[in-house]
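2 protein chains.
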Amino acid sequence: MKKAPADTREKILATADQLIYQNGIYATSMDLLVKTSGVSRKSIYRYFITKDDMAEAVLKVRDIRWMYWFRTECDKGGTPQDRILNMFTVLKGWFESEGFRGCAFINTAGEVGDPDDPVRQIAKLHKKKLLDYIFELTEQLSTEQPFLLAKQLLVLVEGAITMARVMGDYSAAGSAREVAQLLLKQASR
Amino acid sequence: MKKAPADTREKILATADQLIYQNGIYATSMDLLVKTSGVSRKSIYRYFITKDDMAEAVLKVRDIRWMYWFRTECDKGGTPQDRILNMFTVLKGWFESEGFRGCAFINTAGEVGDPDDPVRQIAKLHKKKLLDYIFELTEQLSTEQPFLLAKQLLVLVEGAITMARVMGDYSAAGSAREVAQLLLKQASR
DNA sequence: TCCATGGTAGAACGATCGTTCTCCTCGATC
DNA sequence: GATCGAGGAGAACGATCGTTCTACCATGGA
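Protein sequences, first through last, are from chains A and S.
Heads up: the first sequence begins at 1 in the numbering used here, then just goes up one per residue.
Heads up: the second sequence begins at 190 in the numbering used here, then just goes up one per residue.
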């Protein structure tokens, strides 16, 4: 059975995603990617023009996959309030999962200095999507300024992720959750 | 007048600090450092065993300098409450300052995958110092659990910095400040 | 049967990396 | 005045980077 053309591309993306998430873009050499994925150099360059092009594709896929996963997990909560608080429980589970290395997009922003770099745009867009999702939730609350609340909640989410990554303090998810609880109480008055 | 031996070392550190902060450790080549600083390769390697060794020194100096600056700026507030809220005003000023590129230590955590790497330890310690400072402030409040409050405030600080860096949203400092205000109101009851 | 296609293996290119080296200059100290 | 150490300019080393190339293999449709 001949492999479908898309299979090779996906194997490249899946392997590169793991390598980039674990070690970063710079530390992921094409040589390492070839050896780890079992895909030849020629095939890699058939599907991607350059390494940067491939890194972009990897991050775009991760953006979609992560957002879908996060949304699905959080939406298991019943009320909008539950879903909002659920975000921080989901984060805690993520922190404690094997191979957790923080947010790939925050890491990318740390790696790539130029704010106009394509991968930085992807990172920016990713956080924008996250803000949009939180805004969807706060809109369902009977609060006066749901967008301001969404931004405040995003600060909590980003803070927890950053503390987990830099300090290794996974309890930051709990701290953020406590604050979120207070915010919700305040918003419902 | 012959230059004091320490002058060359400090020139290396000052130049490397700027380059690393702007572009990251990987993107800062020794070649670029030589050209930018005007210090010869030989002199650099006289004061630092390796590039990694130099990067460590750079981050250690920045840790001390940033903490001193942040502390001094925040302490201009009068009451402990003022100082705590002042943190976010100071952050906003930092975000809007020329050449702002986020927190060098969060960036380092994004660049260096290995959590046991020496530079990652420096980053971790830096955030620990920041937590200690915030704890000093919350201890002066008549609240029951000053350490928990300090951790919550640190989540807000890290969240604001991360949003400023990744999204370019400097208003995150204001969002974090609003939440901090609510936390203080809650703590003083 | 032939041939286009997608794949692997691996050599090879030029560029750049961190690091070391040689050769030269200058200024302070004995 | 001789000596020594700090520093500068730049060549050079081996390693590794991203990228391209050649050679060969396997498959499926005309």
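Every residue gets a Cβ at the ideal spot worked out from N, C-alpha and C, and that includes glycine.
Keep in mind that this is a model prediction, so the values were computed, not measured.
Separation of residue j from residue i, as counted between CA atoms
i	j	result
GLN375/S	VAL223/S	53 Å
VAL344/S	GLY77/A	24 Å
THR197/S	ASP206/S	14 Å
THR15/A	ILE44/A	12 Å
PHE237/S	HIS315/S	22 Å
ALA369/S	THR72/A	30 Å
LEU373/S	GLU367/S	10 Å
LEU383/S	ARG378/S	A query on residue 383/S cannot be resolved here, the shown segment of chain S reaching from 190 to 378 and no further.
ILE84/A	LEU338/S	21 Å
LEU320/S	LEU326/S	10 Å
TRP283/S	ASP53/A	33 Å
MET167/A	VAL39/A	36 Å
GLN329/S	CYS263/S	15 Å
ASP303/S	SER142/A	45 Å
VAL61/A	LYS51/A	15 Å
SER286/S	VAL279/S	11 Å
PHE400/S	ASP116/A	Any property of residue 400/S remains undetermined from this structure, which presents chain S solely from 190 to 378.
ALA176/A	PHE135/A	17 Å
PHE259/S	ASP82/A	37 Å
LYS191/S	LEU208/S	Any reading at LYS191/S needs caution, since the residue's pLDDT is 44, under 50, leaving its predicted position unreliable; the model's value is listed next. The alpha-carbon atoms of LYS191/S and LEU208/S are separated by roughly 27 Å.
VAL112/A	GLU333/S	42 Å
LYS313/S	TYR322/S	15 Å
LEU221/S	LYS92/A	41 Å
ALA362/S	THR36/A	42 Å
PRO80/A	LYS317/S	34 Å
ILE122/A	PRO335/S	38 Å
C-beta atoms of residue i and residue j nearer than 9 Å
i	j	result
LYS200/S	SER171/A	no
THR351/S	GLY24/A	no
ARG65/A	CYS103/A	no
ASP252/S	PHE294/S	yes
TYR215/S	TYR26/A	yes
MET256/S	LEU342/S	no
CB-CB length for residue i against residue j, believed under 8 Å
i	j	result
LEU248/S	VAL308/S	6 Å
ARG235/S	MET219/S	13 Å between Cβ atoms; not a contact.
LEU13/A	ALA57/A	6 Å
GLY110/A	THR297/S	7 Å
Contact test: residue i Cβ vs the ligand ZN heavy atom, cutoff 8 Å
i	result
LEU137/A	In the structure on display, the ligand ZN does not appear, and there are no ligands present to speak of.
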